[in-house]
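These notes are about the structure you will find just below.
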Amino acid sequence: MQVGSVTPNVQASNGQGTNVSQTAQNAFGLEFQSLLRIILTQLTYQDPLKPLDNTEFVSQLAQFSQLQQSQNLNDQVTSLLTAQSATQATSLLGRTVDVNVGGNLLSGTVKSVSFTTGSPTITLETPGGQTISSLSIANVAQIRE
Numbered sequence: 281m282q283v284g285s286v287t288p289n290v291q292a293s294n295g296q297g298t299n300v301s302q303t304a305q306n307a308f309g310l311e312f313q314s315l316l317r318i319i320l321t322q323l324t325y326q327d328p329l330k331p332l333d334n335t336e337f338v339s340q341l342a343q344f345s346q347l348q349q350s351q352n353l354n355d356q357v358t359s360l361l362t363a364q365s366a367t368q369a370t371s372l373l374g375r376t377v378d379v380n381v382g383g384n385l386l387s388g389t390v391k392s393v394s395f396t397t398g399s400p401t402i403t404l405e406t407p408g409g410q411t412i413s414s415l416s417i418a419n420v421a422q423i424r425e
């Protein structure tokens, strides 16, 4: 009788192109496979006269699972905030805004939105025809109709 490997192939996607094992690695500094090997090693080399209590073992697994789910939730919330920020930036297109730049308040029309840095920035055209780019939407002080 041939026995296969005990380690499961966990490559589930969390909807953002990263897999669960990568998320676990980011959270704990170890891959999911490595953590499973640690648990299996703990079971293999435990003292037969003092075996690990079942409830303690299940508790450890539940804690690991909860931490992994918390990390996944955190990744999803971060993704949601990025999408919301993009939506807010695109809603500014064609609108007149006041932007705080180095303590000065500039007014102008939003001509474009860029996502090159990962967070949205706007390009502003002032009433004098000057174009100012790479302004963070966090610096927008007022939106006019």
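Start counting the sequence shown at 281; every next residue gets the next number (this note's numbering).
Beta carbons: idealized from backbone N, C-alpha and C, even for Gly.
Looking only at its chain, what residues have a beta carbon closer than 8 Å to the beta carbon of residue i, apart from the 5 residues adjacent to it on each side?
i      : result
Ser365 : Ser399, Pro400, Ile417
Gln368 : Pro400, Ile417
Relative to the C-alpha of residue i, which candidate in the options has its C-alpha closest?
i      : options                        : result
Ser314 : Asp327, Val379, Phe344         : Phe344
Gln410 : Gly388, Val393, Asp378         : Gly388
Arg375 : Val381, Thr324, Thr321, Glu425 : Glu425
Ile423 : Gln326, Thr370, Ser359, Gly382 : Thr370
Going by DSSP, name the residue or residues bridged to residue i.
i      : result
Thr321 : In the DSSP output, where bridge partners are listed per residue, Thr321 has none listed.
Thr389 : Thr376, Glu405
Gln422 : Asp378
I'd like to know whether the C-beta atoms of residue i and residue j end up nearer to each other than 9 Å.
i      : j      : result
Ile319 : Gln351 : no
Gln348 : Phe395 : no
Ile402 : Leu386 : no
Val393 : Leu361 : no
Val390 : Ala421 : no
Short of 6 Å in beta carbon distance, which residues of its chain neighbour residue i, apart from the five on each side in sequence? Order them along the chain.
i      : result
Ile412 : Leu404
Pro331 : none
Rounded to whole angstroms, what is the Cα-Cα separation between residue i and residue j?
i      : j      : result
Arg317 : Val338 : 16 Å
Leu353 : Pro407 : 44 Å
Asn419 : Asp355 : 25 Å
Asn384 : Ala363 : 29 Å
Leu323 : Ala342 : 16 Å
Ser359 : Leu329 : 49 Å
Gln346 : Glu336 : 15 Å
Gly382 : Val357 : 31 Å
Thr321 : Thr397 : 44 Å
For residue i, collect the residues of the same chain with a Cβ closer than 7 Å to its Cβ; drop the 5 residues on either side in sequence, then sort them by chain order.
i      : result
Asn380 : Asn419, Ala421
With 9 Å as the threshold, decide whether the Cβ of residue i is near any Cβ in chain C.
i      : result
Gln348 : Absent here is chain C; the protein component of the structure consists of one chain.
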